[in-house]
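Written below as structure tokens is the structure these notes are about.
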Ligand SMILES: Cc1cc2nc3c(=O)[nH]c(=O)nc-3n(C[C@H](O)[C@H](O)[C@H](O)COP(=O)(O)O)c2cc1C
Ligand code: SF4
Ligand code: FES
């Protein structure tokens with residue numbers, strides 16, 4: 039039995055209802071978002087569930103997971119701290135801002151803190167160019183913008199957040 | 105016929121059907137436009153950008169709407185600012201294409217330089233070296249030097265197995281997606297795909313087992329680089345070392361054309377050995393494809409278990425004997441048995457062998473039969489395919505009915521061809537007792553319970569149902585008859601009903617109409633054509649015999665009752681490759697040769713006679729079946745002579761009307777086929793071989809004594825009583841049969857279970873997948889593991905053929921869940 | 260200062276609440292239009308208005324609609340809310356603060372082409388906005404503005420918000436369709452065009468969020484009213500996303516044809532630390548670089564004038580650079596963006612962006628020689644006009660114009 043459909047009967051049904059009956063494949067991405075909200079990442083088992091519901095091969099699902107940067111096929115830090123260093127932000131000090139954070143966390147972009155809580159990432163333009171520097175936090179599938187940042191501001195927020203995700207366990 | 109369009113390519117005027125792509129039009133005119141992602145059998149995608157050419161179209165005068173003209177009155181041609189991809193652009197009237205200008209050549213060079221920036225420099229150890237489109241086109245169109253810094257090359261995983269059969273080298277991949285598109289579009293097995301994007305794009309397979317497709321080998325033929333290789337051939341040889349030997353696949357009745365590529369090797373004493381198998385183009389049979397069984401199962405010819413000397417039974421023991429001794433012994437026995445001799449010819453014998461057996465028993469006034477678990481071929485000779493038939497020509501307006509067959513497992517290439525006919529708009533009716541891969545493409549599905557076959561057929565004959573109407577009313581209609589859950593007697597009856605229907609609805613005796621039997625072995629149709637038929641009951645026939653002469657058949661291993669009958673026979677002569685169960689019971693055993701060692705011919709289920717040629721020297725001490733028979737005949741006082749396969753075939757053609765006028769020369773004729781492939785066209789169609797050794801000839805219909813349908817007796821199945829189960833024999837592509845035993849490659853693809861059962865049933869016996877089950881039928885006990893599958897109908901036990909549990913026809917059996925380890929399984 | 264229309268929410272607080280929106284005339288145009296039941300008239304008004312696509316291509320919207328064949332059904336409308344062009348952040352403001360006007364626009368477009376199901380494709384990073392819009396769509400269904408047999412006319416409309424997952428290329432309309440269909444977001448071969456073979460193989464209109472947000476005005480107050488602003492060929496107002504080295508970055512809704520100078524110096528209040536302006540990128544990372552001369556600054560921002568400067572208006576994402584910036588750093592940044600976003604389908608973009616990124620890395624880190632500047636240029640030229648879609652072509656704009664116009668910046672980095 040499909041454990042995703044079992045766990046989220048309404049959501050899965052609602053998602054499938056969005057598309058023509060012969061286009062179940064279109065449900066892959068919404069279903070993957072559902073999985074990631076639930077687990078923080080997308081396991082092979084989950085890919086199989088999605089494949090079953092969308093009536094495609096698990097390879098087709100894996101392919102989608104691999105193509106889109108917001109899908110993750112393995113767990114990383116509970117908090118993904120994604121700093122935009124694209125043109126407009128670069129022009130407003132994003133590089134120094136990222137450097138400061140990376141130093142105080144003691145990890146390079148792309149790495150995760152030893153406690154497994156925070157993963158620091160460099161990302162492309164997030165359509166917040168007028169409020170640089172900025173970062174986006176991804177916790178599970180919950181994505182939030184944090185604009186007009188300074189390293190201090192960000193690190194304070196991180197402290198508070200760490201406490202709450204720890205508490206959330 | 106589409107209307108023709110005239111265009112100019114490199115100054116040459118070309119006429120092609122409208123809708124033709126520029127790249128194909130050029131090819132037809134003998135002009136090469138380099139391609140990577142384009143393949144004539146796949147939907148164009150225009151990804152690799154290698155094929156860009158300069159395309160101009162007649163300009164139109166805005167004001168008048170008339171074609172604009174130059175001063176000299178010639179039409180003005182306007183070229184766009186950009187080059188266009190020849191592989192995605194259809195021709196149009198008056199189009200002007202330049203495929204070799206400086207601008208175009210520069211484009212080819214630029215794309216090749218791009219591709220090479222992230223391609224490794226391991227050509228010297230790459231299997232594709234020597235037949236590599238990237239290599240060849242770089243030499244022809246590419247830059248001499250790269251301006252790219254080698255250390256900055258993108259690196260990827262090398263030697264990554266995608267399952268047991270195919271190995272991937274991600275550094276060599278050029279992202280043309282030919283393999284992915286083949287698996288998706290052509291064989292509907294999307295088990296490989298792209299992962300990530302941009303320069304990080306890489307091939308993955310998440311199926312279990314990896315690259316789970318019975319057609320996977322074909323991707324290595326169309327891959328334009330060394331990214332996909334078979335684990336069978338990897339590092340095996342260089343292309344230029346090998347000779348191509350034309351042959352025919354004998355794994356199923358489709359008769360795919362192929363080549364065995366051979367080279368001499370020290371480790372086999374300087375003898376030629378087979379290094380790999382490649383498809384040989386035959387657009388009327390297998391196009392450019394092979395299934396993995398045909399590609400990888402050839403290893404039995406190298407098996408160390410083959411017989412290499414005649415054996416004669418001396419005081420109870422089978423002991424080696426000289427040919428002369430053995431032939432004499434056989435002849436003496438046959439003489440004494442006289443007309444009470446019964447000869448059995450197996451369905452994998454060649455025409456020449458069968459004919460020799462027929463001749464010998466005729467001379468003896470004895471009976472000769474085809475040994476098969478499927479009957480009805482006599483109807484096929486009259487209502488089967490006729491000259492001019494080709495599944496590739498069917499589409500809208502045609503109908504195909506597939507009855508009691510899981511084509512995907514029983515004859516994969518027919519599955520593929522039928523799927524394509526359906527995709528071209530034909531009506532596809534799938535009638536079966538369980539879900540099969542073909543249903544997805546069916547316009548009409550008929551699902552019945554095992555045992556209801558007769559009533560389903562009769563209701564089709566009555567013609568009330570939509571399905572029946574679709575079949576009858578179509579211009580061309582073909583009936584595929586399989587043996588899923590049917591034994592010899594039932595299939596014989598089914599074939600008769602099918603033939604009756606085809607005759608009534610006038611779907612016989614003309615091209616692309618009639619009955620196609622999904623035989624369990626390669627050449628059963630050949631036997632039927634020359635009058636070797638199956639008896640109403642093998643058990644009876646064998647029991648009545650005073651002596652048995654059995655070639656290429658193993659009844660003892662397939663039915664306990666037959667095993668008893670063989671033992672009761674006065675004497676038994678066997679011709680085989682291996683010491684089979686039947687051979688073990690024999691008085692005289694002759695060692696024979698494999699098709700790879702032979703010259704001869706076969707008849708496919710589509711009634712196409714095809715010729716095969718020797719690929720490797722015969723194993724020391726063996727002889728071809730027909731020759732053994734002929735030599736026995738000589739000992740019996742030279743009733744006839746068959747000095748060579750060619751003469752044997754000539755004699756057959758003399759004797760059997762459908763073969764009139766055929767000879768080896770005729771069978772060796774080949775014509776030009778589209779798309780071009782192999783040789784200098786490898787970059788286009790892949791490494792499949794051009795067919796220069798014969799595409800075969802479809803037999804004329806057997807006309808005398810046209811179908812006289814009798815009141816068909818459809819033998820009822822033994823109804824299971826309380827505590828019994830209905831056990832039903834089904835065919836799976838991979839099995840534990842003789843011809844597969846020797847292929848280590850395919851071992852892991854052989855089904856886990858001998859039995860297949862529905863989850864509910866399994867639960868009731870509290871069995872889980874992989875559990876052991878013992879089947880009891882009369883005095884026979886056999887156990888094996890169980891596959892639990894939703895597609896299995898409730899209440900029946902499916903028994904896979906050639907998995908060591910004998911079950912000739914559906915029977916009521918008793919079952920016991922066993923603890924002890926099975927020795928029969930796998 | 261012209262009257263705000265797309266950014267009305269700046270004058271009417273709480274406009275992203277349905278009651279506030281309706282209290283200010285929201286959905287009246289919708290009701291009247293549906294009740295009037297004349298889709299062809301709607302298409303005509305939009306044609307007359309001369310509205311041009313705000314997503315980048317600037318294609319006349321009404322004309323695009325009229326390409327849909329009337330013998331193939333169903334028709335679909337897809338709103339492009341993928342907003343991913345670096346320097347672009349206008350659709351986001353609309354979706355957050357003036358969402359109902361956008362939705363009404365999308366609904367009007369759907370009615371115009373008689374679509375019964377329309378999709379909104381959000382970039383994955385907009386998941387918060389996406390969820391809010393989902394709620395608002397439900398709200399509209401409850402209030403009877405959406406659903407079956409609307410206002411008893413027999414016309415039905417359902418909106419389906421869809422969330423992407425991080426891929427710039429999905430802003431390209433055919434890649435977007437692939438993505439909705441559950442495939443890799445890679446562009447499709449054209450022809451056939453989406454207007455004929457689009458979403459799920461059916462005729463489809465794809466419009467940008469801002470484009471659609473214009474419709475309530477155009478259909479409500481008429482083409483002439485809309486044309487009263489902007490230029491003849493580029494009528495109406497446009498949101499200009501101002502970012503980079505300016506004092507007051509942000510979105511500014513101004514008539515098309517406003518000069519760069521007015522945007523940057525009047526609205527943007529000039530350059531940070533009053534430094535000297537050096538470069539203007541009018542269309543985000545995809546721009547050809549404009550040398551910010553006095554003449555350039557006085558150029559009106561519309562679909563005709565900007566090309567005269569060797570660039571294009573695109574989505575009007577105006578990124579400003581001052582003299583403190585070395586252009587090679589900028590080019591390095593844009594090249595890395597496109598390398599990251601290349602879908603990998605076609606050779607020149609997949610390999611070319613990868614190659615260029617290695618070159619700009621070496622150049623900006625002083626590990627390159629002068630010849631690498633020329634190599635970079637030839638690699639870019641080698642890609643030009645050969646890519647499968649525009650992304651690959653965009654990726655070389657800054658490279659080519661950067662080297663041509665600001666070669667000194669590159670040389671400063673290589674000569675040691
Ligand atoms: C690489 C690429 C990225 C694009 N990104 C966007 C985008 O983020 N948003 C958008 O509305 N249009 C984008 N477009 C333009 C769309 O393809 C399409 O032209 C537009 O959405 C049509 O809507 P319009 O006519 O209202 O402008 C992009 C085009 C390309 C080639
Ligand atoms: S240019 Fe080619 S690789 Fe780049 S995004 Fe377009 S199709 Fe993909
Ligand atoms: S683009 Fe034409 S062959 Fe690849």
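Chains as they are written, first to last, in this note's numbering: chain A, 39 to 207; chain B, 105 to 930; chain C, 260 to 675.
Where a beta carbon is used, it is the ideal one built from N, C-alpha and C, also for glycine.
Bear in mind that the values here come from a model prediction, so they are computed numbers and not experimental data.
DSSP puts residue i in a beta bridge; with which residues?
i: residue 539 of chain C; result: C:549 and C:579
i: residue 334 of chain B; result: B:270
i: residue 221 of chain B; result: According to DSSP, residue 221 of chain B bridges with nothing at all.
i: residue 888 of chain B; result: B:877
i: residue 160 of chain B; result: B:183 and B:200
i: residue 653 of chain B; result: B:447 and B:677
Residue i touches chain A at which residues, Cβ-Cβ below 8 Å?
i: residue 599 of chain C; result: 162
i: residue 270 of chain B; result: By Cβ distance, chain A contributes nothing, its closest Cβ being about 14 Å from residue 270 of chain B, past 8 Å.
i: residue 481 of chain C; result: Within chain A, no residue comes near residue 481 of chain C; the closest Cβ sits about 32 Å away, beyond 8 Å.
In chain C, which residues lie with their C-beta within 8 Å of the C-beta of residue i?
i: residue 207 of chain B; result: What residue 207 of chain B touches in chain C: nothing, since even the nearest Cβ is about 10 Å away.
i: residue 156 of chain B; result: 645
i: residue 330 of chain B; result: Within chain C, no residue comes near residue 330 of chain B; the closest Cβ sits about 18 Å away, beyond 8 Å.
Along the chain, where does the alpha helix (DSSP H) that runs through residue i open and close?
i: residue 650 of chain C; result: 649-653
i: residue 79 of chain A; result: Unbroken run through residue 79 of chain A: none, as it is neither H nor E.
i: residue 796 of chain B; result: No alpha helix (DSSP H) holds residue 796 of chain B; DSSP gives it neither H nor E.
i: residue 678 of chain C; result: Residue 678 of chain C is absent from the model: chain C starts at 260 and stops at 675.
Please compile the residues from chain B whose C-beta is within a distance smaller than 9 Å of the C-beta of residue i.
i: residue 96 of chain A; result: 295, 310, 311 and 312
i: residue 332 of chain C; result: What residue 332 of chain C touches in chain B: nothing, since even the nearest Cβ is about 22 Å away.
So residue i contacts chain B; which residues on that side make the cut at Cβ distance below 8 Å?
i: residue 284 of chain C; result: Result: empty, since nearest Cβ-Cβ is about 45 Å, beyond 8 Å.
Just to make sure I have the definition right: I need the residues of chain A whose C-beta is within less than 7 Å of the C-beta of residue i. Which are they?
i: residue 544 of chain C; result: 125
Could you work out which residues of chain A lie near residue i, taking near to mean beta carbons separated by less than 9 Å?
i: residue 508 of chain C; result: 126, 130, 167, 168, 169 and 170
Start and end of the beta strand (DSSP E) containing residue i?
i: residue 477 of chain C; result: Looking at the DSSP string, residue 477 of chain C is not in any beta strand (DSSP E); the run it does join, the alpha helix (DSSP H), is 474-480.
i: residue 461 of chain B; result: Segment 455-467 is the alpha helix (DSSP H) holding residue 461 of chain B; no beta strand (DSSP E) there.
(request) Could you list the residues in the region 285-303 of chain B with a C-beta less than 7 Å from some C-beta on chain A, going in chain order? (result) So the close ones are 294, 295, 296, 297, 298, 299, 300 and 301.
(request) Kindly confirm or deny that the region 341-352 of chain C and the region 156-166 of chain A touch, where touching means at least three C-beta pairs closer than 8 Å. (result) yes
(request) Select from the region 423-457 of chain C all residues with a C-beta closer than 8 Å to any C-beta belonging to chain A, and list them in chain order. (result) Per Cβ criterion, the list reads 423, 424, 425, 426, 427, 438, 439, 440, 441, 442, 443 and 444.
(message) With three or more C-beta pairs closer than 8 Å as the rule, is the region 439-448 of chain C touching the region 597-609 of chain C?
(response) Result yes; three or more Cβ-Cβ pairs closer than 8 Å.
(message) For the structure I just gave you, are there three or more beta carbon pairs, one from the region 135-153 of chain B and one from the region 265-284 of chain B, closer than 8 Å?
(response) yes
(request) Name, going along the chain, the residues of the region 203-237 of chain B whose beta-carbon falls closer than 7 Å to a beta-carbon of chain C. (result) 211, 214, 215, 218, 219, 221 and 222
(message) Under 8 Å, with one C-beta from each stretch per pair, do the region 591-609 of chain B and the region 493-500 of chain B reach the 3-pair mark?
(response) no
(request) Assess, as a yes-or-no matter, whether the region 149-157 of chain A is touched by the region 85-97 of chain A under the definition of 3 or more beta carbon pairs within less than 8 Å. (result) no
(request) State whether the region 816-831 of chain B contacts the region 888-902 of chain B, with contact taken as three or more CB pairs (one from each stretch) at a distance under 8 Å. (result) yes
(message) Using a Cβ-Cβ cutoff of 8 Å, what residues of the region 177-193 of chain B are near chain C? List them in chain order.
(response) Close to chain C, meaning a Cβ-Cβ distance shorter than 8 Å, are the following residues of the region 177-193 of chain B: 185, 186, 187 and 192.
(message) Under 8 Å: do the region 503-516 of chain B and the region 573-590 of chain B share three or more Cβ pairs, one atom per stretch?
(response) yes
(request) Could you please tell me which residues of the region 473-505 of chain C, in chain order, have their CB closer than 7 Å to any CB of chain B? (result) none
(message) Taking beta-carbon pairs under 8 Å, can you tell me which members of the region 242-261 of chain B lie near chain C?
(response) 251, 252, 253, 256 and 258
(message) With a threshold of 8 Å, are at least 3 pairs of Cβ atoms found where one atom belongs to the region 704-721 of chain B and the other to the region 787-804 of chain B?
(response) yes
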